[in-house]
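> Here it is: the structure, laid out below.
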Amino acid sequence: MLGVSTEVVDVCVAGGGPAGLTAGLLFARAGANVLVLEKHPDFLRDFRGDTVHPSTLMALDELGLAEEFLTLPHVELPQLPMATAMGPVTFADFRRLPGRFPFVAFMPQWDVLNFLAESARRYPNFRLIQQAEVTELIAHDGTVTGLRARTPEAVLEVRSRLVVAADGRNSLVRHHDLLQVAASRAPMDVLWFRVSKPAGERLPAVRSGRDFFIVCIDRDEYLQVAYMIPKGGFEAVRARGLDAFRAAIAAIYPSLTAALTVEIDDWDAIKPLDVRVDRLRDWYRPGLLAIGDAAHAMSPAGGVGINLAVQDAIAAARLLAPTLRDGRTPTTAQLRAVQRRRELPMRVVQFAQLRLLTDLYPSAERPGTDKPLLARLLRRFPGLAHVVARVIGLGVRPEHVPSKPHAPRLEAMTQEK
Numbered sequence: 001m002l003g004v005s006t007e008v009v010d011v012c013v014a015g016g017g018p019a020g021l022t023a024g025l026l027f028a029r030a031g032a033n034v035l036v037l038e039k040h041p042d043f044l045r046d047f048r049g050d051t052v053h054p055s056t057l058m059a060l061d062e063l064g065l066a067e068e069f070l071t072l073p074h075v076e077l078p079q080l081p082m083a084t085a086m087g088p089v090t091f092a093d094f095r096r097l098p099g100r101f102p103f104v105a106f107m108p109q110w111d112v113l114n115f116l117a118e119s120a121r122r123y124p125n126f127r128l129i130q131q132a133e134v135t136e137l138i139a140h141d142g143t144v145t146g147l148r149a150r151t152p153e154a155v156l157e158v159r160s161r162l163v164v165a166a167d168g169r170n171s172l173v174r175h176h177d178l179l180q181v182a183a184s185r186a187p188m189d190v191l192w193f194r195v196s197k198p199a200g201e202r203l204p205a206v207r208s209g210r211d212f213f214i215v216c217i218d219r220d221e222y223l224q225v226a227y228m229i230p231k232g233g234f235e236a237v238r239a240r241g242l243d244a245f246r247a248a249i250a251a252i253y254p255s256l257t258a259a260l261t262v263e264i265d266d267w268d269a270i271k272p273l274d275v276r277v278d279r280l281r282d283w284y285r286p287g288l289l290a291i292g293d294a295a296h297a298m299s300p301a302g303g304v305g306i307n308l309a310v311q312d313a314i315a316a317a318r319l320l321a322p323t324l325r326d327g328r329t330p331t332t333a334q335l336r337a338v339q340r341r342r343e344l345p346m347r348v349v350q351f352a353q354l355r356l357l358t359d360l361y362p363s364a365e366r367p368g369t370d371k372p373l374l375a376r377l378l379r380r381f382p383g384l385a386h387v388v389a390r391v392i393g394l395g396v397r398p399e400h401v402p403s404k405p406h407a408p409r410l411e412a413m414t415q416e417k
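If you want it as structure tokens, here you go:
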């Protein structure tokens, strides 16, 4: 039987993804005592978002970390081209964006998370515990006062002034109906797989056609492929057989035919992603705040999920850290202010994903088209690519990291050491 271990901190973050680690880093930088709990032993999980947009690079720059971050292996794309049946179009053109980073950086998410974790560990008041699966929240008189987690060594009981739920679309707060989902739609699903790159050939990263939409992320040694299918359609794909699946991909990218035959040899090589686009009615209750996918699940369209999560974390830390640093508990009004700050950007992106981009993807509810609305608009109005770049690259309401943290409690801790 596992023993019980107790921790007391200012902020306990459930989830070590982009939102959780950014929040942990920023709260610690501001002087709060922070504990981040991550259920996995490491960050080496494939088939996760890899796009780091200018808004995130600007935040890292404000932290003095951008140059170090960009020494990690990555690919910079100043434009996102898309091949369509009507011809090539530029989906987004970042070259006119203000600032030092007029591009999207493609970097494996495990490298991003390792970098954020190592950067946060430079603060003595930050800790990350991995293999710590959060199992329940602790509440008293309607206020969340901490949480419990299971680790290999013990049951961990954490008491905190604030719990940040950054544990994704399957968050504990959703699973236990602690915060209610207000609206939810499921536009499509995604099948992820990896395949070797054809020698000497550069494939279009995005291709759109009648009844298909596919994205190839170049990871240097191989391609990570996202193949969109109608919502709930994976069993129908399986019923048609693996040969039919490989043939469908080869019809889009003929040069992958040989690699598909050898490397996609069973269904275990294909990972289905259940796509949802939803949002919570309220992101908070006394003592608790949800951010990132826990508050608003996004589709992979535009690769904006990571960057919205990071922006949520910046806003939360900026609005709440002074209170926590002073040893006080954020009020419900302060928690509500975070949602009010971040709800408009989230709604704009979700509207675009569900309306403007909807006919890019295959659907069981409507016939496919090889002339999707967005592609037609981009061909007729090429300047729209700059607008798209601004919306997905910087967001409707970019957040900025405070330039000078005031952290008397951190200084006191350092002096004690």
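With the UniProt record's numbering, letter number 361 in the sequence shown gets 361, and the count goes up by one each step, no holes.
Where is the CB? At the ideal position from N, CA and C, for every residue including glycine.
Note that the coordinates shown come from a computational prediction; the quantities given were computed from them, not determined experimentally.
#1: Distance, Cα to Cα, residue 224 vs residue 259?
#2: With a threshold of 7 Å on Cβ separation, who are the neighbours of residue 346 within its own chain once the five nearest residues in sequence on each side are excluded?
#3: Is there contact here, the stretch 92-109 with the stretch 147-161, by at least three beta-carbon pairs under 8 Å?
#4: Count the other C-beta atoms from every protein chain shown that fall within 10 angstroms of the C-beta of residue 8, then say buried if there are 16 or more, exposed otherwise.
#5: In chain order, what residues of the same chain have a beta carbon less than 8 Å from the beta carbon of residue 251, not counting five sequence neighbours either side?
#6: Output yes or no for whether 8 Å exceeds the beta carbon distance between residue 159 and residue 146.
#7: What is the residue span of the alpha helix (DSSP H) that residue 128 lies within?
#8: Say whether chain C places a C-beta atom closer than 8 Å to the C-beta of residue 233.
#9: Would you list the one or two residues that DSSP bridges to residue 106?
#10: Between which two residues does the alpha helix (DSSP H) holding residue 346 run?
#11: From residue 92 to residue 386, what distance separates their C-alpha atoms?
#12: Assess, as a yes-or-no matter, whether the stretch 20-27 is touched by the stretch 73-80 under the definition of 3 or more beta carbon pairs within less than 8 Å.
#13: Should residue 33 go down as buried or exposed, given a rule of 16 or more other Cβ atoms within 10 Å for buried?
#14: Expressed to the nearest angstrom, what Euclidean distance is found between the alpha-carbon atoms of residue 319 and residue 325?
#15: Around the Cβ of residue 56, are there at least 16 other Cβ atoms within 10 angstroms (buried) or fewer (exposed)?
#16: Give me whichever residues DSSP pairs with residue 39 in a beta bridge.
#17: With C-beta atoms as the reference, is residue 101 less than 8 Å away from residue 58?
#18: Could you tell me which uninterrupted alpha helix (DSSP H) segments, each at least 4 residues in length, are contained entirely in the stretch 152-223, listed from first to last along the chain?
#19: How far does the beta strand (DSSP E) with residue 148 in it reach, from first residue to last?
#20: On the CB-based measure, 16 or more other CB atoms within 10 Å of its CB, does residue 176 come out buried or exposed?
#21: Assuming residue 228 contacts residue 362 under a Cβ cut-off of 8 Å, what Cβ separation, rounded to an integer in Å, is found between them?
#22: Under a Cβ-count criterion, where at least 16 other Cβ atoms within 10 Å of its own Cβ denotes burial, should residue 17 be classed as buried or exposed?
#23: Can you tell me which of 314, 89, 321 puts its alpha carbon nearest to the alpha carbon of residue 206?
#24: Give me the Cβ distance between residue 188 and residue 231, rounded to the nearest whole Å; I'm assuming they're in contact under 8 Å.
#25: Which residues in the same chain as residue 183 place their Cβ atom closer than 7 Å to its Cβ, once the five residues preceding and following it in sequence are excluded?
#26: Inspect the CB distances between the stretch 195-206 and the stretch 328-336 and report whether three or more fall short of 8 Å.
#27: Are residue 316 and residue 164 close, meaning C-beta to C-beta below 8 Å?
#28: Just to confirm before moving on: does the CB-CB distance between residue 52 and residue 112 stay below 8 Å?
The structure says:
#1: By one-based count along the sequence shown, residue 224 stands at place 224. By one-based count along the sequence shown, residue 259 stands at place 259. Going by C-alpha positions, residue 224 is about 13 Å away from residue 259.
#2: Residue mapping note: residue 346 aligns to position 346 of the sequence shown, counting from 1. Closer than 7 Å at Cβ, skipping near neighbours: 279, 296, 308.
#3: Look at the beta carbons and you see the stretch 92-109 not touching the stretch 147-161: under three pairs across the two are nearer than 8 Å.
#4: The count along the sequence shown starts at 1 and reaches residue 8 at position 8. Here residue 8 is exposed. Its C-beta has fewer than 16 other C-beta atoms within 10 Å.
#5: Within the sequence shown, numbered from 1, the residue matching residue 251 stands at position 251. So no residue of the chain qualifies.
#6: Here residue 159 corresponds to residue number 159 of the sequence shown, with the count starting at 1. Here residue 146 corresponds to residue number 146 of the sequence shown, with the count starting at 1. Going by C-beta atoms, residue 159 is nearer than 8 Å to residue 146.
#7: Taking the sequence shown and counting its residues from 1, the one referred to as residue 128 is at position 128. Residue 128 -> not in any alpha helix (DSSP H); beta strand (DSSP E) instead, spanning 126-130.
#8: The structure shown has no chain C; it contains just one protein chain.
#9: Counted from its first residue, the sequence shown places residue 106 at position 106. Partner(s): 51, 75.
#10: On the sequence shown, position 346 is the one that residue 346 refers to. Per DSSP, the continuous alpha helix (DSSP H) segment holding residue 346 begins and ends at 332-351.
#11: Position 92 of the sequence shown holds residue 92. Position 386 of the sequence shown holds residue 386. Roughly 6 Å separates the two Cα atoms.
#12: With contact defined as three or more Cβ pairs closer than 8 Å, the stretch 73-80 and the stretch 20-27 are not in contact.
#13: Along the sequence shown, one-based indexing puts residue 33 at 33. Buried is the label assigned to residue 33, since at least 16 other Cβ atoms lie within 10 Å of its Cβ.
#14: Along the sequence shown, one-based indexing puts residue 319 at 319. Along the sequence shown, one-based indexing puts residue 325 at 325. A direct Cα-Cα distance of roughly 12 Å separates residue 319 from residue 325.
#15: Position 56 of the sequence shown, counted from the first residue, corresponds to residue 56. Label assigned to residue 56: buried.
#16: Here the question's residue 39 lines up with position 39 in the sequence shown. DSSP output for residue 39 lists no bridge partner at all.
#17: Here residue 101 is taken as the residue at index 101 of the sequence shown, counted from 1. Here residue 58 is taken as the residue at index 58 of the sequence shown, counted from 1. Contact flag set, yes.
#18: Complete alpha helix (DSSP H) runs here, min 4: 172-175.
#19: As a working mapping, residue 148 is identified with position 148 in the sequence shown. If you look at residue 148, you'll find it in the beta strand (DSSP E) that goes 143-150.
#20: Here the question's residue 176 lines up with position 176 in the sequence shown. By the neighbour-count definition (other C-beta atoms within 10 Å, threshold 16), residue 176 is an exposed residue.
#21: In the sequence shown, residue 228 corresponds to position 228, counting from 1. In the sequence shown, residue 362 corresponds to position 362, counting from 1. About 6 Å separates the CB atoms of residue 228 and residue 362; that is less than 8 Å, so the two are in contact.
#22: In the sequence shown, counting from the first residue as 1, residue 17 sits at position 17. Counting Cβ neighbours within 10 Å, residue 17 comes out buried, since at least 16 surround it.
#23: What you label residue 206 is simply residue 206 of the sequence shown in a count that begins at 1. Looking from the CA of residue 206, the closest CA among 314, 89, 321 belongs to 89.
#24: Within the sequence shown, the letter at position 188 stands for residue 188. Within the sequence shown, the letter at position 231 stands for residue 231. Yes, residue 188 and residue 231 are in contact; Cβ-Cβ is about 5 Å, under 8 Å.
#25: If you number the sequence shown from 1, residue 183 lands on position 183. Excluding the 5 residues flanking it on each side, residue 183 has same chain C-beta neighbours closer than 7 Å at 278, 279, in chain order.
#26: Contact between the stretch 195-206 and the stretch 328-336 is absent: fewer than 3 CB-CB pairs across the two stretches fall below 8 Å.
#27: Within the sequence shown, numbered from 1, the residue matching residue 316 stands at position 316. Within the sequence shown, numbered from 1, the residue matching residue 164 stands at position 164. Going by C-beta atoms, residue 316 is nearer than 8 Å to residue 164.
#28: Here residue 52 is taken as the residue at index 52 of the sequence shown, counted from 1. Here residue 112 is taken as the residue at index 112 of the sequence shown, counted from 1. By the CB criterion at 8 Å, residue 52 and residue 112 fall inside the cutoff.
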